[in-house]
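Residue numbers (the numbering used here): -12 to 201.
This is the structure in structure tokens:
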């Protein structure tokens, strides 16, 4: 009879945690997302975003000013006038569905970055904030072509460019709360995330690019 060794080698250990940061790579620098692409701030200035648990710099982010806001509003207005207000609710819903699905696909990455940037427990980011962010886009995608049923007898139309300012405590979920209904109703958005937790909003910009949002 062959004797099977049960000795555990010295290299035995735990597998990498699914919540680890080794399965994605953040950029060292992030620009402002204006007109469908990342651009530097007009001033050329950047600020550091820091992991509150380690006090290490995660990335540097473009420091937007008045000129950048004007540029963003102009770009959002142009897209609103030329594209977004003209397409049907059904087509708008398709874009929102795409965004929701990509959030789900990148959920692991988004949860880790949310916790790194804001210091919240991974359990909260992974199990609450990110799934709810996707859920809000799914929900409003379903309403995009049904607004006339929600307000019978009334003419429902978009109003233009929505300015949105979000806090630091659940950044991506706040993005979903603000952006999803605005887009579903045919508006465009200029968003200012909290300077202490800007990263998931910037990753959301990448998601919009991936979804082909005008």
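Heads up, the beta-carbon is just placed ideally off N, CA and C, and yes, glycines get one too.
Model, not experiment: these values are computed from the prediction.
May I have the straight-line CA-CA distance separating residue 71 from residue 100, to the nearest angstrom? Note on geometry: alpha-carbon atoms of residue 71 and residue 100 lie some 30 Å from one another.
Rounded straight-line distance, which links the Cα of residue 52 to that of residue 87: Rounded to whole angstroms, residue 87 and residue 52 show a C-alpha spacing of 30 Å.
7 Å Cβ shell around residue 185 - same chain, five flanking residues per side excluded: Excluding positions up to five away in sequence, the list reads 36 and 48.
Does residue 67 pass the burial test, meaning 16 or more other C-beta atoms within 10 Å, or should it be called exposed? Per the 10 Å Cβ criterion, buried.
Using C-beta distances below 7 Å, list every residue in its chain close to residue 29, excluding the 5 sequence neighbours before and after it, in chain order. For residue 29, where only same-chain residues beyond five positions count, the Cβ hits under 7 Å are 52, 54 and 55.
Less than 8 Å between the CB atoms is what I'm expecting for residue 199 and residue 129, so what's the real figure, rounded? No, residue 199 and residue 129 are not in contact; Cβ-Cβ is about 19 Å, not under 8 Å.
State the Cα-Cα distance for the pair residue 147 and residue 61, rounded to the nearest angstrom. In this model, residue 147 and residue 61 are separated by some 11 Å (Cα to Cα).
What does DSSP give as the partner residues of residue 38 in its beta bridges? BP columns for residue 38 point to 43.
Under the three-state reduction of DSSP, which class applies to residue 24: helix, strand or coil? The three-state secondary structure of residue 24, taken from DSSP, is strand.
DSSP on residue 16, reduced to helix/strand/coil? Strand.
Please say whether residue 90 and residue 120 have beta carbons closer to each other than 8 Å? It is a contact, given that the beta carbons lie within the stated cut-off.
Neighbour-count burial assignment, residue 31, 16 or more Cβ in a 10 Å radius: Taking all protein chains in view, the Cβ of residue 31 is surrounded by fewer than 16 other Cβ atoms within 10 Å, so the residue is classified as exposed.
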